[in-house]
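This report refers to the structure that appears directly beneath it.
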Amino acid sequence: MSRDAVTEKDTTTSLDLSEAGLYGAAFETARDQVRALISQHPGTFPTFTDAGAWHFEEDPWAPTWSAGFLTGLLWLFADRDETGWWREHAQRYSELLEPRKRDDGTHDIGFLFTPSWGRWHAVAPSERTRDVLIEAGRTMARRFNERGQYLSTWVHPGSTFIDVMMNIGIIYQAGHLSGDETLTEIATAHALTTRRYLVRGDGTSVHEAWFDPETGVFERTATHQGYRADSSWVRGHAWGVYGFGTAYSWTGDARFLDTARLLADTYVARTGDRLVPPNDWDDPQPRFAYESSAGAVVASALLQLADLIGDPGGDRYRRYAYRLVAKLSGPDFLAQPGSGWEGVLRHATYHLHNEVGVDESVMWGDYYFVEALHRILRGRVAAIGS
Ligand code: GLY
């Protein structure tokens with residue numbers, strides 16, 4: 458679809474200023490829910506809920522990848538807290554996950570370290586935060602397949618996901634902090650490969666690409682959490698909007714900004730006034746109307762994009778994101794303290810086909826929802842990691 462077509466169908470409206478209190482109230486509700494979690498289960502890192510109660514056993518699908526989100530929530534709350542209570546917990550949780558900086562069994566190093574040590578470094582840079590971020594970025598960069606020019610997933614050396622775009626910011630940051638240009642080149646090469654094989658000409662996106670890991674030759678597309686290989690799993694699409702915006706923020710490469718805008722325009726065109734998407738736009742019979750974590754990710758991504766573009770141009774993404782966050786802040790999605798639901802955002806799905814975290818809360822949904830609230834409340838986009 459062309460960008461003009463999207464513009465014609467633009468349904469964004471100005472922010473109703475009476476909604477301003479809604480965002481602050483949602484931020485406080487999220488803070489109460491997270492305070493209850495870390496008080497009742499200190500030092501644990503759940504990924505999803507079961508019937509609203511946090512699940513503390515091992516992730517049954519992926520190598521555990523969500524510890525950065527709970528830690529990032531603590532840093533976001535610390536940013537609006539004068540007492541030091543949240544800061545103390547944010548540092549402790551960051552320290553608990555530090556050993557993962559050498560974890561070569563996952564492609565989710567950016568998810569682990571950008572919301573945690575990246576936020577710590579942004580507010581109080583030190584040799585220690587610098588060294589952790591450099592080591593984490595180098596670990597991620599070792600997943601690079603030179604022949605195929607991509608970073609591989611934990612699934613197989615021949616696989617890459619659109620999700621990996623969320624894990625190249627840590628490589629750019631390590632390159633920036635260390636002065637090692639090879640790191641920057643690897644991150645950019647991966648982003649260009651993703652743009653070529655995982656972003657379709659019509660502005661939709663693919664979840665997974667497979668290559669021959671020996672020759673680097675592209676073989677096929679696939680999906681794990683989406684409807685099918687040629688459909689659009691919306692959370693993956695949201696990772697793409699955010700990840701290409703991040704790639705642009707580190708490089709200033711217009712190709713990445715164009716791609717982020719194309720993916721964002723597709724999100725707006727396909728989701729429209731519903732604002733919150735289903736798990737996959739192309740599923741003809743979705744089991745659930747909403748996958749709220751995709752909405753939360755895209756809200757924060759659109760606010761980042763709006764800031765990167767500036768006004769005019771960025772304002773339409775900002776207005777859409779405000780409406781989306783307002784919807785997520787309403788009673789259909791936001792869990793209420795005392796209701797027995799332990800997460801923040803309801804109606805998220807982790808892995809539909811595997812029946813893992815289906816129509817539940819997921820930690821990244823809660824994190825990106827609060828990140829979006831934080832961006833709105835602060836009135837400008839946070840450029841973490843610079
Ligand atoms: N593994 C990333 C996701 O489920 O979105």
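Using this note's numbering, the letters of the sequence shown correspond one by one to residues 458 to 843.
Positions of the beta carbon are idealized from the N, C-alpha and C atoms, including for glycine.
Q: Scan the stretch 557-640 and note each continuous beta strand (DSSP E) run of 3 residues or more that stays entirely inside, going in chain order.
A: 616-618
Q. Is the beta carbon of Thr682 within less than 8 Å of some heavy atom of ligand 1?
A. To locate residue 682, count along the sequence shown from 1; it is residue 225. In the sequence on display, residue 682 carries Gln and not Thr. True, at least one ligand heavy atom lies under 8 Å from that Cβ.
Q. By Cβ distance below 6 Å, which residues in the same chain neighbour Trp798 in space, the five residues on each side in sequence not counted?
A. Here the question's residue 798 lines up with position 341 in the sequence shown. Gly509, Ala792.
Q. In chain order, what residues of the same chain have a beta carbon less than 7 Å from the beta carbon of Val782, not counting five sequence neighbours either side?
A. Residue mapping note: residue 782 aligns to position 325 of the sequence shown, counting from 1. Closer than 7 Å at the Cβ level, and outside the excluded window around Val782, lie Tyr480, Ala756, Ala829, Leu830, Ile833.
Q) Exposed or buried, which one is His613 when buried takes at least 16 other CB atoms within 10 Å? A) Taking the sequence shown and counting its residues from 1, the one referred to as residue 613 is at position 156. Result: exposed.
Q.
Using a Cβ-Cβ cutoff of less than 7 Å, which residues in the same chain neighbour Thr610 once the five nearest sequence positions on both sides are dropped?
A. For the purposes of this step, residue 610 is taken as residue 153 along the sequence shown, with counting starting at 1. If we look at Thr610 and ignore the five residues flanking it on each side, its Cβ neighbours are His564, Ser616, Thr617, Phe618, Val621.
**Q.** Environment of Trp542 [buried if 16+ CB atoms lie within 10 Å]
**A.** As a position in the sequence shown, residue 542 is number 85, starting the count at 1. By the beta-carbon neighbour count (other beta carbons within 10 angstroms, threshold 16), Trp542 is exposed.
Q. Which residues bound the beta strand (DSSP E) around Trp707?
A. Position 250 of the sequence shown holds residue 707. Not the beta strand (DSSP E): Trp707 falls in the alpha helix (DSSP H), residues 691-708.
Q.
Does the distance between the C-beta of Tyr807 and the nearest non-hydrogen atom of ligand 1 fall short of 8 Å?
A. As a first step, residue 807 must be located in the sequence shown, where it is residue number 350. Ligand 1 has a heavy atom closer than 8 Å to the beta-carbon of Tyr807.
**Q.** As assigned by DSSP and simplified to three states, the class of Glu716
**A.** The residue you call residue 716 lines up with position 259 of the sequence shown. For clarity, residue 716 is Thr in the given sequence; the question names Glu instead. Helix at Thr716.
Q.
Here's a check: name, in chain order, each residue in its chain whose Cβ is nearer than 8 Å to the Cβ of Ser786, leaving out the five neighbours to either side.
A. Counting from 1 along the sequence shown, the entry for residue 786 is found at position 329. The answer, listed in chain order, is Leu479, Tyr480, Ala482, Ala483, Leu830.
(Q) Closer than 8 Å to a non-hydrogen atom of ligand 1 - does that hold for the CB of Trp738? (A) Position 281 of the sequence shown, counted from the start, is the residue given in the question as residue 738. No; taking the cut-off as 8 Å, the Cβ of Trp738 has no heavy atom of ligand 1 nearer than that.
(Q) With a threshold of 9 Å between beta-carbons, can Val612 be considered close to chain C, or not? (A) No chain C is part of this structure, which consists of one protein chain only.
(Q) Just verifying my parser: in three-state terms, what is the DSSP assignment at Thr678? (A) As a position in the sequence shown, residue 678 is number 221, starting the count at 1. The answer is strand: DSSP assigns Thr678 an E or B state.
Q) To which residues does DSSP link Ala666 through a beta bridge? A) Against the sequence shown, residue 666 aligns to sequence position 209. Answer is Thr617, Thr678.
Q. Mind listing, in chain order, the residues whose beta carbon lies closer than 5 Å to a non-hydrogen atom of ligand 1?
A. The set of residues with CB atoms less than 5 Å from any heavy atom of ligand 1 reads, in chain order, Asp620, Arg692.
Q. What separation, rounded to the nearest whole angstrom, lies between the Cα atoms of Thr464 and Ser706?
A. As a working note, residue 464 is residue 7 in the sequence shown. As a working note, residue 706 is residue 249 in the sequence shown. At Thr464, the pLDDT of 29 sits below 50, so the modelled position is not reliable; the number obtained from the coordinates is stated separately. Looking at the backbone, the Cα of Thr464 and that of Ser706 are separated by about 24 Å.
(Q) Taking 9 Å as the threshold (C-beta atoms), are His681 and Tyr747 in contact? (A) Walking along the sequence shown from the start, residue 747 turns up at place 290. Walking along the sequence shown from the start, residue 681 turns up at place 224. Cβ distance not < 9 Å, so Tyr747 and His681 don't count as in contact.
Q: Grab me the residues of Ala598's own chain with a C-beta within less than 6 Å of its C-beta, minus the 5 sequence neighbours each way, in chain order.
A: As a position in the sequence shown, residue 598 is number 141, starting the count at 1. Correct list, in chain order: Ile628, Leu640, Ile643.
Q.
According to DSSP, simplified to helix, strand and coil, what is Phe505?
A. On the sequence shown, position 48 is the one that residue 505 refers to. Strand, per DSSP.
Q) Just how far apart, CA to CA, sit Asp768 and Ser583? A) Residue numbering aside, residue 768 sits at position 311 when the sequence shown is read from its first letter. Residue numbering aside, residue 583 sits at position 126 when the sequence shown is read from its first letter. If you take the alpha carbons of Asp768 and Ser583, they lie about 34 Å apart.
**Q.** C-alpha distance - Ala535 paired with Arg544, whole-angstrom precision
**A.** What you label residue 535 is simply residue 78 of the sequence shown in a count that begins at 1. What you label residue 544 is simply residue 87 of the sequence shown in a count that begins at 1. Their backbone Cα atoms lie some 5 Å apart in a straight line.
Q: Put Val827 into one of helix, strand or coil per three-state DSSP.
A: As a first step, residue 827 is located in the sequence shown; it is residue number 370 there, counting from the start. It is helical.
Q) Going straight from the alpha carbon of Val801 to that of Glu515, what length do you get? A) Locating residue 801 in the sequence shown gives position 344, counting from the first residue. Locating residue 515 in the sequence shown gives position 58, counting from the first residue. Approximately 21 Å between the Cα atoms of the pair.
Q. What is the C-beta distance between Asp823 and Leu533, in whole angstroms, given that I count them as a contact (C-beta under 8 Å)?
A. Mapped onto the sequence shown, residue 823 falls at position 366. Mapped onto the sequence shown, residue 533 falls at position 76. Approximately 10 Å separates the beta-carbon atoms of Asp823 and Leu533; this is outside 8 Å, ruling out the contact.
Q. What residue does the alpha helix (DSSP H) around Tyr777 start on, and which one ends it?
A. Locating residue 777 in the sequence shown gives position 320, counting from the first residue. Per DSSP, Tyr777 belongs to the alpha helix (DSSP H) from 772-785.
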